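The structure appears below as structure tokens.
In our numbering, the protein residues as written are 190 to 480.
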């Protein structure tokens with residue numbers, strides 16, 4: 190009898206091991222499925238065959254009916270095709286099936302804003318705010334809505350809160366836009382300086398600095414920012430095309446051509462680089478022979 194009871198701990202341990210193996214296996218399947226989903230979303234957004242992309246994204250929304258990433262990618266493709274009403278209807282259906290998911294509320298609010306139904310979009314965000322008070326994604330959309338209404342002061346307050354939270358690029362970029370719209374150029378430069386202190390090597394921050402400087406005639410600053418971006422991330426095509434155009438516009442053709450030639454070596458198939466290089470490529474036309 191005692192020997193029989195002595196087996197119980199081993200049986201319990203065996204059952205625990207089996208359960209653990211099952212959990213690991215299911216987790217692996219979930220992660221693999223999610224990675225596959227993310228990859229298909231990236232491919233669908235990248236290729237130019239919108240028909241193929243739309244069919245594939247629709248398939249993914251059926252496989253992952255509660256996944257906001259897949260649904261957003263699918264609705265973006267519908268909007269690109271001009272099917273705005275269908276995209277909005279699907280966003281309404283998605284939130285009806287997923288009211289407990291913040292992503293569903295954000296998706297509907299974004300689709301409404303894109304359709305021009307901004308008041309309803311703001312109501313969706315306000316209702317979501319009762320359930321997820323102070324959520325950064327909701328604050329971001331409140332800031333966008335305020336900026337659209339022309340209430341730049343409210344937008345700037347919300348963007349400042351998001352920057353303190355380390356939310357990412359959007360609160361910096363949107364604040365720069367709002368401050369420029371108000372004519373507060375020095376304040377916009379201050380936001381850029383803050384961003385560079387916190388994110389000195391971020392491509393989006395260097396790009397924002399370069400474009401801001403170019404808009405306000407600070408050529409040396411713009412070129413320095415583009416050069417730093419090329420050093421940090423040589424795969425950023427904007428860091429070649431935009432400074433080359435800027436140099437050419439300021440009569441510095443030789444420097445512009447040098448950057449264009451460098452870009453041509455790296456991005457041979459890029460349409461913008463091909464167009465840029467045609468500006469500097471020596472003409473092959475020969476003058477007609479005299480008769």
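Glycine included, each C-beta is placed from N, C-alpha and C at the ideal position. All values reported here derive from a predicted model rather than from experimental measurement.
> Which residue comes first and which comes last in the alpha helix (DSSP H) that contains residue 428?
Replying inline: Residue 428: member of the alpha helix (DSSP H) spanning 427-438, first to last residue.
>> According to DSSP, simplified to helix, strand and coil, what is residue 220?
In response: For residue 220, the predicted model reports a pLDDT of 48, less than 50, meaning its position is unreliable; a value from the coordinates is still stated below. Correct three-state label for residue 220: helix.
> Does the beta-carbon of residue 384 have 16 or more other beta-carbons within 10 angstroms, so that it is buried, or is it exposed?
Replying inline: Label assigned to residue 384: buried.
> Between the segment 263-273 and the segment 299-306, are three or more C-beta pairs nearer than 8 Å?
Replying inline: Remark: three or more beta-carbon pairs, one from each stretch, lie closer than 8 Å, so the segment 263-273 and the segment 299-306 are flagged as touching.
> In angstroms, rounded to a whole number, what distance separates the CA positions of residue 284 and residue 425?
Replying inline: Taking C-alpha positions only, residue 284 is separated from residue 425 by approximately 37 Å.
>> Taking 7 Å as the limit between beta carbons, can you name the residues of its chain near residue 427, skipping five residues before and five after?
In response: 396, listed in sequence order.
>> Could you compute how far the alpha carbon of residue 220 sits from the alpha carbon of residue 288?
In response: For residue 220, the predicted model reports a pLDDT of 48, less than 50, meaning its position is unreliable and no value from the coordinates is stated.
>> Looking at the secondary structure, which residues open and close the alpha helix (DSSP H) in which residue 422 lies?
In response: Segment: none, residue 422 is in no alpha helix (DSSP H) and carries neither H nor E.
> What are the boundary residues of the alpha helix (DSSP H) that residue 270 is part of?
Replying inline: Note, residue 270: alpha helix (DSSP H), 257-270.
>> Considering just the uninterrupted stretch of the alpha helix (DSSP H) at residue 466, what are its terminal residues?
In response: Under the DSSP assignment, residue 466 falls in the alpha helix (DSSP H) whose first and last residues are 460-469.
> What is the rounded straight-line gap between the Cα of residue 348 and the Cα of residue 336?
Replying inline: Taking the straight line from one Cα to the other gives about 11 Å.
> Since residue 378 and residue 332 are thought to touch, with beta carbons under 8 Å apart, how far apart are those beta carbons, to the nearest angstrom?
Replying inline: Their Cβ separation, rounded to whole angstroms, is 20 Å, which puts residue 378 and residue 332 out of contact at 8 Å.
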